[in-house]
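Below you'll find the structure, written out as structure tokens, and then a few comments.
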Amino acid sequence: MLQAIDLTKRYEDGHLALDALNLEIKPGEIFFLLGANGAGKTTTINLLLNFIEPTLGKALVNGIDVMEQPLETKKHIAFVSENVMLYGSFTACQNLDFFARLGGKTNLTKKDYYDVMRRVGLQEEAFERKLKTFSKGMRQKVGLAIAIIKDADNIVMDEPTSGLDPKSAAELMQILIHLRNSGKAILMCTHDLFRAKAAADRVGIMKEGRLVMLRTREEFLQDDLERIYLDYMQEAVL
Amino acid sequence: MIWLIAKKDFLLNLLSVRFIIGFVLCLVIIPFTIIVSVDDYLAKQNSYEIESKQAADELSGHRVWSAVRPTVVTKPEPLSIFSSGISANLGNRVKIAFDTYPLFPTGHTVTQDNPLLNAFFSIDFSRVVAILISLIALVFAYDTITREREDGTMKLSLTGQVSRISFLFGKLLGLILTLLPILLFCYLLACLIIILNPAISFSATDWGSIALMFLISMFYMLIFILLGMLISSLVKRSSSSIILSLLCWIWFLFLMPNISTYLSQSIAKTPLYDNVQVAISEYEKEFYEKDEERQKQLNDEMGGDVWVVYWNANMGRDGFLEFSGTLKEAVEHARQMQVWKWPTALDYADKKWVLQRDYLDKMLSQQRLQQTIAFFSPSEIFRQTTEILCHTSVDDFQKYMESVRNYRETVIRYFADNKLYESLRYFTVQTWDQFPSQKEFDRSSGSIEDLFTVLRKIPADQYEPLNLDNLPRFEARQATIFSMFADALGRMAVMIGLGILLLLGTILSFMRYDVR
């Protein structure tokens with residue numbers, strides 16, 4: 005479970021990136037956090053991952069404060085970034101092995117790595133190829149494989165479908181749904197309304213550091229999510 | 199986790215182009231440098247052997263004690279192959295004199311057969327290691343943090359069960375594991391060339407020095423790794439980091455040594471040696487005046503009409519006088535003069551030494567100031583430490599010159615204890631009985647043949663040279679590995695302290711590093 009309690013971040017230059025965010029993502033839930041650029045989505049992720057310190061409030065992972073016990077919370081959280089780069093001189097399998105060990109999974113075999121790479125849809129011939137030869141979509145799949153193999157209770161994703169072809173994006177959604185069904189709490193920050201409608205259990209729209217809208221799946225399917233989102237974006241532009 | 203990150207970095211570095219370039223650079227530069235240094239050393243060794251033989255032959259041929267002034271020929275230091283230090287700029291010979299203290303050696307300083315080639319300076323192993331290892335360390339470390347940030351791998355790594363401090367130490371260990379083989383390779387290559395050369399023999403202490411040098415090189419490498427990491431943790435982009443790293447490298451290796459020399463010369467002035475020489479000349483003039491005065495006084499004491507004429511007489515510096523035909527009165531006159539001259543000359547040597555010592559002290563304090571200012575540069579601390587370990591530092595030279603001065607004292611004591619300066623053999627090979635008195639001489643006819651008969655002149659070369667078996671010989675102090683370690687300890691402590699400061703700075707900086 006991921007929680008934000010009055011989570012606030014004001015940067016050194018005075019910019020208020022996040023203003024008292026209150027949010028809870030339960031196990032077995034996919035939460036889509038939508039918003040324009042600079043709305044505070046990535047700041048939320050950075051706070052949950054303890055990359056930056058909150059000005060006020062708390063970020064909790066499975067009920068543990070990330071500031072107080074950062075290493076403990078990292079056991080329960082996995083991350084997929086917008087642009088997975090990894091180590092170009094290592095093969096996909098070597099990258100997977102390194103990050104799995106870093107995530108505390110020290111007893112995995114090559115078979116386990118191959119299985120998870122198959123699961124995310126990576127072609128077999130790419131398993132032992134150096135990552136610098138990979139396309140962005142292939143790298144994203146390896147990034148997702150790293151998140152899956154960590155087997156954390158919570159997965160945080162920052163624009164994971166950005167740059168992916170529709171087929172790969174659809175495959176990714178299927179995997180997320182599968183992970184959700186296995187009890188994972190998934191926070192996904194994106195602009196992709198189409199994917200949100202397809203897979204989200206709840207959506208939130210952020211604007212200028214505040215969560216301005218929160219809808220359950222039933223609610224946003226009734227209300228036309230695209231219209232709601234565009235309305236909020238329009239207001240932001242104005 | 200630290201080991202996992204270190205292993206990953208080691209493997210990545212091993213596959214990188216810069217690792218291959220670093221290795222190739224060492225492979226080309228190190229053998230070339232060592233071969234040039236070995237050649238220099240062998241030339242010095244050859245020169246030492248020739249000059250030692252010359253000095254021994256010269257000494258063994260003397261017939262009178264006033265000519266006995268041993269020459270100390272400095273044995274080249276085998277470890278100068280690794281760090282030539284000050285040894286390349288100093289002479290290799292010191293003539294022991296009683297009327298003056300030895301200040302600097304003279305003689306052979308250059309090793310090139312063609313002196314015009316000396317315009318092209320050669321650098322020694324320690325200098326090459328200082329330049330190469332610092333550059334390679336910075337080239338590997340400058341982007342150790344920024345590259346991970348730019349590639350986004352740092353974010354992913356830090357979501358693993360790894361703290362920032364473990365991540366940092368992992369990176370540090372990875373760099374050490376990468377660069378250590380390069381450093382080890384440099385040393386093994388150098389040692390291999392030495393071992394394969396039958397003309398060079400290293401003692402166990404020398405090998406111990408090389409082992410300590412390797413240890414110091416590791417500290418040195420670590421300092422530049424940490425410097426690169428610190429810079430990398432202070433900036434966001436690798437492009438900024440490489441520029442700052444190279445600026446630091448130029449500053450520490452090339453600017454700082456020059457600045458420290460310039461500052462030390464500006465702050466601690468040394469007098470011109472010409473002024474010291476003028477003052478010394480004044481003392482010498484005073485001594486000769488006293489000498490003349492004493493001669494007259496002695497003449498008066500001996501009756502006023504001593505005929506001081508020597509046949510086959512040779513005179514020279516530092517009281518050298520050798521004659522083989524004169525009158526008893528002239529011999530006694532020479533002996534009495536020597537009894538006066540001996541302590542007086544030593545007295546004047548002490549007076550001149552006060553001036554020289556003052557000059558030397560001022561030069562040493564300037565040099566110490568230069569070394570202290572240079573402590574701001576790791577490469578300078580490294581240079582100073584390697585010079586200590588290779589016995590080529592200024593302090594070693596000072597200790598050596600001190601031992602030469604002590605040897606002079608020993609020789610003087612030998613002359614004094616055996617009353618050599620007041621013996622006839624101090625200036626003549628003839629015995630007392632072989633000299634005629636004034637009266638005997640007056641009775642001679644005045645013809646040359648008769649004069650020779652009366653003077654009983656015997657050619658000097660018919661006499662045996664002096665037996666110098668008991669004359670003390672110079673023995674250079676042999677440093678032990680422990681004494682060298684103790685001498686180098688202060689600088690090693692500074693290097694370790696600098697390393698700790700850089701590590702703390704890097705930790706502090708990285709703990710606040712914005713990984714986004």
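For the protein sequence lines, the chains are A and B, in the order given.
Every position in the first sequence, counted from 1, becomes a number in this note's numbering once 4 is added.
Every position in the second sequence, counted from 1, becomes a number in this note's numbering once 198 is added.
No residue lacks a Cβ here, since even glycine has one placed at the ideal position from N, Cα and C.
Every value quoted in this text rests on a predicted model; they were computed, and no experiment measured them.
Handout entry: Residues of the region 65-88 of chain A whose Cβ lies closer than 8 angstroms to any Cβ of chain B, in chain order
Key = 74, 75, 78, 79, 81, 82, 83, 85, 87, 88
Practice task
Give every residue of the same chain whose Cβ lies closer than 6 angstroms to the Cβ of residue 270 of chain B, excluding the five residues on either side of it in the sequence, and list them in chain order.
Solution key: 292, 602, 672
Practice task
Using a Cβ cut-off of 8 angstroms, pull out every chain B residue sitting near residue 108 of chain A, in sequence order please.
Solution key: 358, 359
Exercise for the section: On a CA-only basis, which of B:415, B:244, B:369 is nearest residue 690 of chain B? Give me that one, please. Expected result: B:415
Practice task
Counting only the same chain and skipping the five closest in sequence on each side, list residues whose C-beta sits under 7 angstroms from that of residue 715 of chain B.
Solution key: Since the first residue of chain B shown is 199 and the last is 714, residue 715 of chain B is not available in this structure.
Practice task
Would you identify the three-state DSSP class for residue 241 of chain A, choosing helix, strand or coil?
Solution key: Any reading at residue 241 of chain A is ruled out, since the residue's pLDDT is 45, under 50, leaving its predicted position unreliable.
Handout entry: Buried or exposed (CB count within 10 angstroms, at least 16 for buried), residue 130 of chain A
Key = buried
Practice task
Leaving out five residues on either side along the sequence, give the residues of the same chain with a beta carbon under 7 angstroms from the beta carbon of residue 333 of chain B.
Solution key: 447
Exercise for the section: Compare the C-beta of residue 91 of chain A against all C-beta atoms of chain B and say whether one is closer than 8 angstroms. Expected result: yes
Handout entry: Span separating the alpha-carbon of residue 694 of chain B from that of residue 668 of chain B
Key = Computed Cα separation, rounded: 49 angstroms.
Handout entry: residue 452 of chain B, buried or exposed, once every other Cβ within 10 Å from all chains shown has been counted against 16
Key = exposed
Handout entry: Contact set for residue 698 of chain B: own chain, Cβ-Cβ below 8 angstroms, skip 5 residues either direction
Key = none
Exercise for the section: Locate the beta strand (DSSP E) running through residue 283 of chain B, then write down its first and last residues. Expected result: Premise fails: residue 283 of chain B is in no beta strand (DSSP E) and is neither H nor E.
Practice task
Consider the Cβ of residue 213 of chain B: report whether some Cβ of chain A lies at a distance smaller than 8 angstroms.
Solution key: yes
Problem - DSSP bridge partner residues for residue 190 of chain A (one or two, in chain order) - result: Partner(s): A:34, A:159.
Practice task
Use the C-beta contact count for residue 122 of chain A: other C-beta atoms within 10 angstroms, 16 or more gives buried, fewer gives exposed.
Solution key: exposed
Problem - Contact set between the region 337-355 of chain B and chain A, restricted to residues whose Cβ is under 8 angstroms from the partner - result: 349, 350, 351, 353, 354, 355
Practice task
Have a look at A:6, A:17, A:14, A:102 and flag the residue whose alpha-carbon is nearest the alpha-carbon of residue 30 of chain A.
Solution key: A:6
Problem - As assigned by DSSP and simplified to three states, the class of residue 382 of chain B - result: helix
Exercise for the section: Could you name the residues of the same chain whose beta carbon sits closer than 8 angstroms to that of residue 46 of chain A, not counting the 5 residues immediately before and after it, in chain order? Expected result: 162, 193
Practice task
Just mark residue 363 of chain B as buried or exposed, buried being the case when its beta carbon has 16 or more other beta carbons within 10 Å.
Solution key: exposed
Practice task
Provide the residue span of the alpha helix (DSSP H) that contains residue 664 of chain B, from first to last.
Solution key: Neither: residue 664 of chain B is in no alpha helix (DSSP H) and is coded neither H nor E.
Handout entry: Cutoff 8 angstroms: residue 241 of chain A Cβ touching any chain B Cβ
Key = The predicted model places residue 241 of chain A with a pLDDT of 45, which falls under 50 and marks its position as unreliable; any figure quoted below should be read in that light. Not an interface residue.
Handout entry: Endpoints, the beta strand (DSSP E) within which residue 86 of chain A is located
Key = Careful: residue 86 of chain A lies outside any beta strand (DSSP E) and carries neither H nor E.
Practice task
Would you kindly work out how many angstroms separate the C-alpha atoms of residue 670 of chain B and residue 680 of chain B, rounded to a whole number?
Solution key: 28 angstroms
Practice task
Using 10 angstroms around the beta-carbon of residue 190 of chain A, count the other beta-carbons present and answer buried if the total reaches 16, otherwise exposed.
Solution key: buried
Handout entry: Identity of the residue in A:223, A:217, A:221, A:226 nearest residue 233 of chain A by Cα
Key = A:217
Exercise for the section: Could you confirm whether any beta carbon from chain B is found closer than 8 angstroms to the beta carbon of residue 41 of chain A? Expected result: no
Practice task
Measure the beta-carbon distance from residue 94 of chain A to residue 64 of chain A and round it to whole angstroms, keeping in mind my assumption that it falls under 8 angstroms.
Solution key: Your pair residue 94 of chain A and residue 64 of chain A does not check out as a contact, with CB atoms roughly 34 angstroms apart and the cut at 8 angstroms.
Exercise for the section: Sort out for me which residues DSSP pairs residue 7 of chain A with in a bridge. Expected result: A:28, A:64
Exercise for the section: May I ask you to report which of helix, strand or coil DSSP gives residue 435 of chain B? Expected result: Of the three classes helix, strand and coil, the one that applies to residue 435 of chain B here is coil, per DSSP.
Practice task
Indicate the three-state DSSP secondary structure (helix, strand or coil) for residue 302 of chain B in the structure shown.
Solution key: Residue state, collapsed to three classes: coil.
Exercise for the section: Within 10 angstroms of the Cβ of residue 322 of chain B, are there 16 or more other Cβ atoms? Answer buried if so, exposed if not. Expected result: buried
Exercise for the section: Quickly, what does DSSP pair residue 273 of chain B with across the bridge? List them, please. Expected result: Residue 273 of chain B is not bridged to any residue.
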